[in-house]
Amino acid sequence: MNISEAKNIDMADYLQSIGIIPCKKQGNSLWYYSPFRSETEPSFKINLALNQWYDFGLGKGGNIINFILEQHQTDNVSQALQILSGKASEIKPHSFSFRQQKNLPCFEDIRVKPLENPALIQYLKDRQIHVVSAMKTCKEVHFRTNDKSYFAIGFENNLGGFELRNKYFQGTLSPKGITHIQNGKDSCCIFEGFMDYLSFLAIAQKQTSGPSSINKQDYIILNSVANVSKSINTIASYKEKYCYLDNDQAGVSAFLEIQAKCGQNVKDMSATYREHNDLNDYLCQKKKALDLSQKLKQPGLKR
Numbered sequence: 000m001n002i003s004e005a006k007n008i009d010m011a012d013y014l015q016s017i018g019i020i021p022c023k024k025q026g027n028s029l030w031y032y033s034p035f036r037s038e039t040e041p042s043f044k045i046n047l048a049l050n051q052w053y054d055f056g057l058g059k060g061g062n063i064i065n066f067i068l069e070q071h072q073t074d075n076v077s078q079a080l081q082i083l084s085g086k087a088s089e090i091k092p093h094s095f096s097f098r099q100q101k102n103l104p105c106f107e108d109i110r111v112k113p114l115e116n117p118a119l120i121q122y123l124k125d126r127q128i129h130v131v132s133a134m135k136t137c138k139e140v141h142f143r144t145n146d147k148s149y150f151a152i153g154f155e156n157n158l159g160g161f162e163l164r165n166k167y168f169q170g171t172l173s174p175k176g177i178t179h180i181q182n183g184k185d186s187c188c189i190f191e192g193f194m195d196y197l198s199f200l201a202i203a204q205k206q207t208s209g210p211s212s213i214n215k216q217d218y219i220i221l222n223s224v225a226n227v228s229k230s231i232n233t234i235a236s237y238k239e240k241y242c243y244l245d246n247d248q249a250g251v252s253a254f255l256e257i258q259a260k261c262g263q264n265v266k267d268m269s270a271t272y273r274e275h276n277d278l279n280d281y282l283c284q285k286k287k288a289l290d291l292s293q294k295l296k297q298p299g300l301k302r
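Going by numbering that gives the first Met the number 0, the sequence shown opens with residue 0, and the numbers climb by one from there.
Next comes the structure, spelled out in structure tokens:
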């Protein structure tokens, strides 16, 4: 088997022949749990049109030969061709059923552009988010699902996926992972979602000291408490950790796990907004209280 013949082998067919089956299909892509490591969210993708793979965790991809080289930890192309030649008789056309995934959104025709849509900007303003800060860290993502077109604020994670949010929708463009924003500091602030991170920035616009100073720490956005285990090594590398997690059981459990695995220098900052669901709820309610206070100061109104 030569290189040209090898490249004509269907990647999905080959993976099926060695027992690697996709967990879902999105548009023209098949998504797999990575063959190179254990994970709970699929981060390995095959583009069916290009017959190419990409592993978002490794940051590597390519054709089937590149896959064999990575899988067998070799740079010997002749060895890779021998491996493929030996499997040739076992490679059959793939046939996958995704009925168990039918309720998952399938995003197609995905386009990522700068955040500028008036409806999305207004949504941020309604949530009391500092729009300029949001424009620096978020994108505008357009996509189709169920033959309908949508757009949302997109917040990118370290694996190249996006958390999606608009007034009516909340979802994820796979793969799902944490977002690590590095400023070269030895302390970090940890948030469950990007709206809380943006709320922190909005509050910090008016503050100049302590952990609330914008450029005095790094940031870790979990994008789900289910990602706590994925973030432990990153969090543990910091000298000081400030947790701004939700005031619910999931948030408490996440904090306790981080504290148990990352040492006692993990600080629970949720006490500053204890009467609120999360940091964004605190920000919005604080704005409402300020507006009410200003109205009560108007002539003819009593406090």
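Each residue gets a CB set at the ideal place from its N, CA and C atoms; glycine is no exception.
- Kindly identify the DSSP beta-bridge partner or partners of E139. K112, I152
- Query: Which full runs of the alpha helix (DSSP H) of 4+ residues lie inside the segment 33-92, going along the chain?
  - Reply: Segments of the alpha helix (DSSP H) lying fully in the segment 33-92: 63-70, 76-86.
- Query: Relative to the C-alpha of I109, which residue among G56, T136, H141 is closest?
  - Reply: The shortest C-alpha separation from I109 is found at H141.
- Query: Where DSSP assigns a beta bridge to Y218, which residues make up the other side?
  - Reply: I180, C188
- Task: Would you decide whether S88 is buried or exposed? Buried here means 16 or more other CB atoms lie within 10 Å of its CB.
- Result: S88 is classed as exposed because its beta carbon has fewer than 16 other beta carbons within 10 Å across all chains shown.
- Item | Same chain, Cβ closer than 6 Å to L158, five either side skipped, listed in chain order | S42, F55, P174, G176
- Contact set for Q169: own chain, Cβ-Cβ below 6 Å, skip 5 residues either direction: No residues qualify anywhere along the chain.
- Extent of the continuous alpha helix (DSSP H) run through L271: According to the sequence shown, residue 271 is Thr rather than Leu. Where T271 is concerned, there is no enclosing alpha helix (DSSP H), given that its DSSP letter is neither H nor E.
- In whole angstroms, what is the alpha-carbon distance linking F154 and S228? 20 Å
- Message: I need the DSSP call for S173, collapsed to helix, strand or coil.
- Response: When DSSP states are grouped into helix, strand and coil, S173 belongs to the coil group.
- Residue of L47, R126, I202, Q258 minimising C-alpha distance to D12: L47
- Task: For F193, name the three-state secondary structure that DSSP assigns.
- Result: helix
- Query: Around the C-beta of D277, are 16 or more other C-beta atoms found within 10 angstroms, so that it is buried, or is it exposed?
  - Reply: Its Cβ being crowded by 16 or more others within 10 Å, D277 is buried.
- Would you report the Cα separation of K215 and Q263, rounded to the nearest angstrom? 21 Å
- Task: State the Cα-Cα distance for the pair K23 and K285, rounded to the nearest angstrom.
- Result: 42 Å
- Task: Helix, strand or coil for R98, going by three-state DSSP, please let me know.
- Result: Here the model assigns R98 a pLDDT of 46, short of 50, so the residue's position is not dependable, and the following value carries that caveat. Residue state, collapsed to three classes: helix.
- Query: Who are the Cβ neighbours of G18 in its own chain at under 8 Å, not counting the five residues just before and after it?
  - Reply: Contacts found: none.
- Message: On the CB-based measure, 16 or more other CB atoms within 10 Å of its CB, does G192 come out buried or exposed?
- Response: buried
- Close beta carbons around N7, own chain, < 7 Å, minus the five adjacent residues each side: none
- Give the DSSP-derived three-state secondary structure of C261 in the structure shown. helix
- Query: Over what stretch of residues does the beta strand (DSSP E) that includes L29 continue unbroken?
  - Reply: 28-31
- Query: Do you know whose CA, among N222, K166, P34, lies nearest I120's CA?
  - Reply: K166
- Message: Tell me the DSSP secondary structure of D125 in three-state form.
- Response: Three-state DSSP puts D125 in a helix.
- Query: If you draw a straight line from the C-alpha of G58 to the C-alpha of K44, how long is it?
  - Reply: 11 Å
- Along the beta strand (DSSP E) that carries K240, what are the first and last residues, could you check? DSSP places K240 in the uninterrupted beta strand (DSSP E) bounded by 239-243.
- Message: Helix, strand or coil for K285? Go by DSSP, reduced to three states.
- Response: Judged by DSSP in its simplified three-state form, K285 adopts helix.
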